[in-house]
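Chemist: Chains A and B supply the protein sequences, listed in that same order.
Per this note's numbering, residue 1 is the first one in the first sequence, and the count goes up by one each step.
Per this note's numbering, residue 1001 is the first one in the second sequence, and the count goes up by one each step.
Note that CB positions come from ideal geometry on N, CA and C, so glycine has one too.
Supplied in structure tokens, the structure appears directly below.
Number of protein chains: 2
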Amino acid sequence: MNAPPNMSDPLVLFMPSGKRGRFPKGTTVLDAARQLGVYVESVCGGRATCGRCQIEVQEGHFAKHKISSAKEHISSPGPREARYAEKRELLPGRRLSCSATIEGDLVVDVPQDAIINAQVVRKDADSRVIERHPAVNLRYVEVPEPDMHHPLGDVDRLKVQLQKDWGYDRLEVELHLLPEVQKILREGEWAVTAAVHHDQDEDAARIIALWPGLKNEAYGLACDIGSTTIAMHLVSLLSGRVVASAGASNPQIRFGEDLMSRVSYVMMNPDGRQAMTKAVRLEISKLVDRVATEGGVERADILDAVFVGNPIMHHLFLGIDPTELGGAPFALAVSGAVKARTDDLRLALNPGARLYMLPCIAGHVGADAAAVTLSEGPHRQDRMMLIVDVGTNAEIVLGNRQRVVAASSPTGPAFEGAEISSGQRAAPGAIERVRIDRATLEPRFRVIGSELWSDDPGFAEAVATTGVTGICGSGIIEVVAEMYLCGLISEDGVIDGALAARSPRIIEQGRTFSYVLREEEPRITVTQNDVRAIQLAKAALYAGTRLLMEKQGIETVDVIRFAGAFGSFIDPTYAMVLGLIPDCELENVSAVGNAAGTGARMALLNRNHRREIEETVRRIEKIETALEPKFQEHFVHAMALPNKVDPFPKLSRQVELPRRKVLAEGGTQAPRRRSREEREARRRR
Amino acid sequence: MNAPPNMSDPLVLFMPSGKRGRFPKGTTVLDAARQLGVYVESVCGGRATCGRCQIEVQEGHFAKHKISSAKEHISSPGPREARYAEKRELLPGRRLSCSATIEGDLVVDVPQDAIINAQVVRKDADSRVIERHPAVNLRYVEVPEPDMHHPLGDVDRLKVQLQKDWGYDRLEVELHLLPEVQKILREGEWAVTAAVHHDQDEDAARIIALWPGLKNEAYGLACDIGSTTIAMHLVSLLSGRVVASAGASNPQIRFGEDLMSRVSYVMMNPDGRQAMTKAVRLEISKLVDRVATEGGVERADILDAVFVGNPIMHHLFLGIDPTELGGAPFALAVSGAVKARTDDLRLALNPGARLYMLPCIAGHVGADAAAVTLSEGPHRQDRMMLIVDVGTNAEIVLGNRQRVVAASSPTGPAFEGAEISSGQRAAPGAIERVRIDRATLEPRFRVIGSELWSDDPGFAEAVATTGVTGICGSGIIEVVAEMYLCGLISEDGVIDGALAARSPRIIEQGRTFSYVLREEEPRITVTQNDVRAIQLAKAALYAGTRLLMEKQGIETVDVIRFAGAFGSFIDPTYAMVLGLIPDCELENVSAVGNAAGTGARMALLNRNHRREIEETVRRIEKIETALEPKFQEHFVHAMALPNKVDPFPKLSRQVELPRRKVLAEGGTQAPRRRSREEREARRRR
């Protein structure tokens, strides 16, 4: 594209990127895409054998012209393309961009799902399409045979050919391949497929694997190492599809339920760090087996792996002692993105497979928060977006294209059901939904594992296997919110003992009162201390959010995203009733499930996303709540239910109205039904 | 140096590089050197604590000025420099360039031996001074402590500080360091020394090791893996000095004496390659122990390692099957330079230590020949230089600044004493020097291990322990040349049976005659077959040389260098008498000993030499003798003793004269005495 375009040349528009340019008639669509920097997959390099470069030609308007018949503007399928379509099947409307040439103005759609091996593809819960530009690509080449007049080594001729055919500037070769190259070249009769890793920051690319002949499929892992759960996706690097997913409990739980107890374990046990590193890597390896088996994939075909996790999971996975993260100044050993070979962690994928860990934002805001940020993209939009990921700490990110700020707020584990008298982790048998009749103060509830309410016929049978074991995070939020809406709790969080006269469920316990949610054994009550714990947690979360809003100089946010497991299960209405989150149009509040996993998949499938999140994390302003005097002030105000109005003198009518509506209608909305995938994810927990 | 220099600023000339520039008064000499690209070592970064940046200020003329007193033109030692001199000793005339400032015109000498730990330095045989610019440097930095307001990880702050203090563009960190960084930073109270590896071709540098506080010494290995002998030097990366050297037999000898028998072993035994790779790596590891012990150095302080070897040794060391090298087209698995971590070969140096192998030139011309080329530098000069390295094959390199050509010629093992009736490898007891009395035809000889001639008094006692066991390569060349000079052999190589009448040493054996060099047991004779074997070998060597001379279009060479063990022991006079090498002024013919080892040291100490040899090898024109019809023709001509004149019609008088002189005086010159080091090297063999 150095010469100025000839204005009589056809104009080609690529979708969804929107890139456009003029090209002489006869240019292949693939060449045009390359010249414009549009990523179109290709393994065979234009030989019409891999079928990865499929595109669709759209009919319709384009610029000022109406393209009456797209067919006239693209070449008819030639013999090579016809042969491919015959042998491998090409969906109607699909063309191979390496063979189809431009003959007139065109709108070209680059589908992100050039499916080759249909049998291994399955529909995934999170079907977000990620534009692909992976760090690892398959490159087919035909290498000249050895020549005594020009005694370049086999590897060196392979490099030269790859540079020539695929435009690489500099190429390195992994040491472990050197003993294999000669055999592979001869087995493939001088035709081989190389897996080439190209880091987004480096000039040099690197040959990491090699196969004889045409290799037309390669995979990557996206893995979110949570303190409780490890979730893994096996993804085709060529089609972008999720081929298999699996989750497992983090085996480190046996060393300590929450993060701080794991840090303590390391501090108390000389080989504690090592034991936990080994445990998590072993579990990850088992998960690899599971997704590989499910996807019908060899471990050796997995060439890239992206991991995310909170700072302590991140450190333990990498074999780093997390002790420094246990106290101020919460120094990360490494905050930048980590790049390595998976072999260095003995993950037993392809020997040349690469590992990438997203950067950590701060000592309490890890690579998982970075992945959520990448997934939701506050930095990619103009609206002011609040992202909340609640665990033992809440990670809070607030920002837009101009500026992003982040903080961690010490909510404590109340939202996870800990420190609550009848609390438990979200697991089958835990109460997750609660409604209290405004008149009778009688409750009804639902437990994880059943779709029935406790007053539905057949409830007892439905929960016979799990029982009703306790109350989880979303349940405790709903019951406290419902108690508040019924007037059982005052604005300052006191359970009103006077109501004991109206309902036997209000009982005196020492100097305070409790609400009996379930009378049968195990008896489940909400005590004054439980309410206090929730107040403290929500005050911390809200104060952190408020602090970031102040940093941004804003009074309202445009969009709220709840990330993580907790976020998936709480009802945003109740979160707003209790004042966990600032006012926002309800339609703009949503749970984003395992957004960390989605962010990991994005970094896996598109190396530009790696650069994007590294730059974004560098730019994010990190707010340490412990160092901010205003945090305490906000915290005190936010102890009230829902929140004291004083910090928000300028709440606009536009925002206040839906809030009132929520308050008025609170409890009447049916909680949304969980999708099948959510239920499955929950069952794995 | 972006601003134009102020012509009134002092002019500074750095020696030996000759680089010069003007700098404002008060500029430190170190800063001036850096701005001119003059490599001056520095670990502490200008804190006057490491003492590595020593320079000398010369008196004398400079440009058109006479610098009457250099002292006036450089600052007086300040308190920091004085403190260093007091604590660590600074030789008279030496200054620390980081503290001394320019106050007037100066000639600065950059010594290549800023000795810090004098006790570990020893004089080495090959005392060539190599200008240093190593791939691995020690860099002292003071890292800011963690800051909750800017929660960069410890590693990330280390990187930022290294970039700031030392001007690195991009820095990566080895994965294995991540778990260590926090401990080391705290142990050093935020002052640490990093070892930074900077590949000559890459933008990014890489932190490969880290120590608390100031680390002021680091080492590298230069190792030549010969088929027979492995030679290793341990070198200070900071002073350039060879700290210890050691040699050992290549344990692969038990799998096959020569290269081809080792290839056969691999072809015949499924685990043959593995066994030989293991054997050579083990022996190298033992050598590391020896040099480390001798030098008083920890293995963990060895940070870089350069290896050279012929293609088969190169492949076996890297774990590559050498079978392809056993037959045409002699395809190397890899010909370019190999870069890796020594840990990938389990060499147990510092876990971050780097490995560099020089490129191979062709299937028979390996990284050892590349190292010899680097050492002798035909490509760096205008004279036409011939380099000959004789083993089972002779590697021949011929060229100058304009053009370099190379070939391998199939001399066979005769020069190594194999295929000779009484032949043996050069080892104690082997005859290495022979003189035959022109009149009586009586011989006298010397054996390896004794300085006495066989007719000297006390010879019998001197060789009592070794005995006289056979005749080695240099001995066989001398005896054949002497036989020719005495008229015992005709120009076509036939032993003259008629002389049996004159001397009982001429004996009939079947249809040919032999010369009895030693009558006692073991009887040592030179048979007609022996003469033929030498004729074939020297004809091959000469024909290869001649072919290259033709490619270059030249009739004579300016300089001849004999590399390798064989070259060290033969007498150039006899080599010329026999016609092994073309005519050349005798004073320009020399043995260069282990030039491959020297080339390895150069690549170790100066990364620019790595680029230099990679570029040179790419440029070298490789001639495959087997594909050149003229080779056979030259071969036939060169069977004669010394060589048939016809191919050289234009031999100038200038060249012919010294040749006649050699022929006339042949045998009268005393062979040069071997240095102590050579004798030691020989004893190790």
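#1: Step through the CB atoms of chain B and report whether any lies within less than 8 Å of the CB of D169 (chain A).
#2: Run through the stretch 1284 to 1357 of chain B for me and flag every whole alpha helix (DSSP H) of 4 or more residues, listed as ranges in chain order.
#3: Can you find the residues in the same chain that come closer than 7 Å, C-beta to C-beta, to A418 (chain A), ignoring five residues on each side of it along the sequence?
#4: Please compile the residues from chain A whose C-beta is within a distance smaller than 8 Å of the C-beta of P1024 (chain B).
#5: Does DSSP classify F513 (chain A) as helix, strand or coil?
#6: Using a C-beta cutoff of 8 Å, does E1624 (chain B) count as contacting chain A?
#7: Please state whether DSSP places N1581 (chain B) in a helix, a strand or coil.
#8: If we count Cβ pairs, one from each stretch, closer than 8 Å, do we get three or more for the stretch 1349 to 1366 of chain B versus the stretch 1295 to 1311 of chain B?
#9: When the distance is taken between beta carbons, is N1137 (chain B) closer than 8 Å to V1196 (chain B)?
#10: What's the call for P1705 (chain B), buried or exposed, on a 16-neighbour Cβ count within 10 Å?
#11: Go through the stretch 1350 to 1416 of chain B residue by residue and report every complete run of the beta strand (DSSP E) that reaches 3 residues or more, in order.
#12: Give the interface partners of F1330 (chain B) over in chain A, defined as CB-CB distance under 9 Å, in chain order.
#13: Do you know offhand how far I130 (chain A)'s Cα is from E442 (chain A)'s?
#14: If L1349 (chain B) and R1299 (chain B) are in contact, beta carbons under 8 Å, what's the gap, nearest whole angstrom?
#15: Could you check which residue in A:R83, A:A600, A:P92 and A:R88 has the C-alpha nearest to that of G366 (chain A)?
#16: May I ask you to check if the CB of A1292 (chain B) is nearer than 7 Å to at least one heavy atom of the ligand PLP?
#17: Please check if any C-beta of chain A sits within less than 8 Å of the C-beta of S1675 (chain B).
#18: Going by the beta-carbon positions, is the gap between L1363 (chain B) and P1311 (chain B) smaller than 8 Å?
#19: Quick one: what does DSSP say T1049 (chain B) is sitting in, helix, strand or coil?
#20: Give me the Cα-Cα distance between R290 (chain A) and A246 (chain A), rounded to the nearest whole angstrom.
#21: If distances are taken between C-alpha atoms only, which option among A:G21, A:T293, A:A248 and A:G296 comes closest to R281 (chain A)?
#22: With distances taken Cα to Cα, identify the nearest neighbour of Y1542 (chain B) among B:F1635, B:F1459 and B:R1341.
#23: Can you find the residues in the same chain that come closer than 7 Å, C-beta to C-beta, to G319 (chain A), ignoring five residues on each side of it along the sequence?
#24: Give me, in chain order, the residues of the same chain whose beta-carbon lies closer than 7 Å to that of L641 (chain A); leave out the 5 immediate sequence neighbours on both sides.
#25: Please state the DSSP three-state secondary structure of R1684 (chain B).
#26: Under a Cβ-count criterion, where at least 16 other Cβ atoms within 10 Å of its own Cβ denotes burial, should P4 (chain A) be classed as buried or exposed?
#27: Say whether the stretch 146 to 165 of chain A touches the stretch 1315 to 1333 of chain B, bearing in mind that this needs 3 or more beta-carbon pairs closer than 8 Å, one atom from each stretch.
#28: With respect to the alpha helix (DSSP H) encompassing G599 (chain A), which residues constitute its N-terminal and C-terminal limits?
#29: Using a beta-carbon distance below 8 Å, is A1194 (chain B) in contact with chain A?
#30: Can you check the stretch 1132 to 1191 of chain B for any alpha helix (DSSP H) of at least 4 residues that lies completely inside it and give the ranges in chain order?
#31: Could you list which residues in chain A have their beta carbon closer than 8 Å to that of G1319 (chain B), in chain order?
#32: In the DSSP assignment, what residue or residues form a beta bridge with A1205 (chain B)?
#33: Leaving out five residues before and five after V1120 (chain B) in sequence, what residues of the same chain have Cβ atoms less than 6 Å from its Cβ?
#34: Cβ of V160 (chain A) less than 8 Å from any chain B Cβ?
#35: Since L627 (chain A) meets chain B, which of its residues come closer than 8 Å, beta carbon to beta carbon?
#36: So who's on the other strand from C98 (chain A), going by DSSP bridges?
Modeler: From the atom records:
#1: With its beta carbon at least 8 Å from every one in chain B, D169 (chain A) lies outside the interface.
#2: For the alpha helix (DSSP H) assignment, the uninterrupted runs of no fewer than 4 residues enclosed by the stretch 1284 to 1357 of chain B are, from N- to C-terminal side, 1311 to 1318.
#3: Counting only Cβ-Cβ distances below 7 Å, and skipping sequence neighbours, we find nothing.
#4: Those do not exist, as P1024 (chain B) stays about 36 Å from chain A at its closest Cβ, beyond 8 Å.
#5: The answer is strand: DSSP assigns F513 (chain A) an E or B state.
#6: Taking Cβ atoms only, chain A reaches closer than 8 Å to E1624 (chain B), which makes this a yes.
#7: Residue identity check: residue 1581 (chain B) is Ile in the sequence provided, not Asn. Looking at I1581 (chain B) - three-state DSSP - the assignment turns out to be coil, as it is neither helix nor strand.
#8: Flag = yes, the stretch 1349 to 1366 of chain B and the stretch 1295 to 1311 of chain B touch.
#9: A contact, by the Cβ cut-off of 8 Å.
#10: Outside the modelled stretch of chain B, which goes from 1001 to 1685, sits residue 1705 (chain B), for which no answer is possible.
#11: Entirely contained in the stretch 1350 to 1416 of chain B, the beta strand (DSSP E) runs reaching 3 residues are, in chain order, 1354 to 1357, 1385 to 1390, 1394 to 1399 and 1404 to 1409.
#12: Against chain A, the beta carbon of F1330 (chain B) has neighbours under 9 Å at P146, M148 and P151, listed in chain order.
#13: In this structure, the alpha-carbon of I130 (chain A) lies about 48 Å from that of E442 (chain A).
#14: Sure, about 6 Å apart at Cβ, within 8 Å.
#15: When the alpha-carbon of G366 (chain A) is set against those of A:R83, A:A600, A:P92 and A:R88, the nearest one is in A:A600.
#16: The ligand content of the structure shown is nil, which means the ligand PLP is not present either.
#17: Bear in mind that a pLDDT of 49 at S1675 (chain B), under 50, signals an unreliable position, so the number given afterwards is only what the model happens to contain. No, S1675 (chain B) does not count as interfacial toward chain A.
#18: Reading off the sequence shown, one finds Gly at residue 1363 (chain B), where the question assumed Leu. Taking C-beta atoms as the reference points, G1363 (chain B) and P1311 (chain B) count as a pair closer than 8 Å.
#19: T1049 (chain B) falls in the coil class under three-state DSSP.
#20: Rounded to the nearest whole angstrom, the CA to CA distance from R290 (chain A) to A246 (chain A) is 7 Å.
#21: Checking every option, the nearest Cα to that of R281 (chain A) belongs to A:A248.
#22: If we check each option's Cα against that of Y1542 (chain B), B:F1635 comes out closest.
#23: If we look at G319 (chain A) and ignore the five residues flanking it on each side, its Cβ neighbours are T277.
#24: Only Y484, I489, E491, G493, L578 and G579 meet the Cβ criterion.
#25: For R1684 (chain B), the predicted model reports a pLDDT of 49, less than 50, meaning its position is unreliable; a value from the coordinates is still stated below. The three-state reading of DSSP puts R1684 (chain B) in helix, counting H, G and I together.
#26: Exposed is the label assigned to P4 (chain A), since fewer than 16 other Cβ atoms lie within 10 Å of its Cβ.
#27: As far as the Cβ criterion goes, the stretch 146 to 165 of chain A touches the stretch 1315 to 1333 of chain B, which means the pair count is three or higher.
#28: Here the alpha helix (DSSP H) through G599 (chain A) covers A595 to L605.
#29: With 8 Å as the cut-off, A1194 (chain B) does not count as an interface residue toward chain A.
#30: With a minimum length of 4 residues, the continuous alpha helix (DSSP H) runs that stay inside the stretch 1132 to 1191 of chain B are 1154 to 1166 and 1178 to 1187.
#31: G1319 (chain B) reaches chain A at L178 and P179, counting residues in chain order whose Cβ is nearer than 8 Å.
#32: Paired residue(s): B:L1171.
#33: A caution first: V1120 (chain B) carries a pLDDT of 29, below 50, which makes its placement in the model too unreliable to give a value.
#34: Judged by the 8 Å Cβ criterion, V160 (chain A) is not in contact with chain B.
#35: Those within 8 Å of L627 (chain A) in chain B are M1148 and H1149.
#36: Partner(s): none; C98 (chain A) has no beta bridge.
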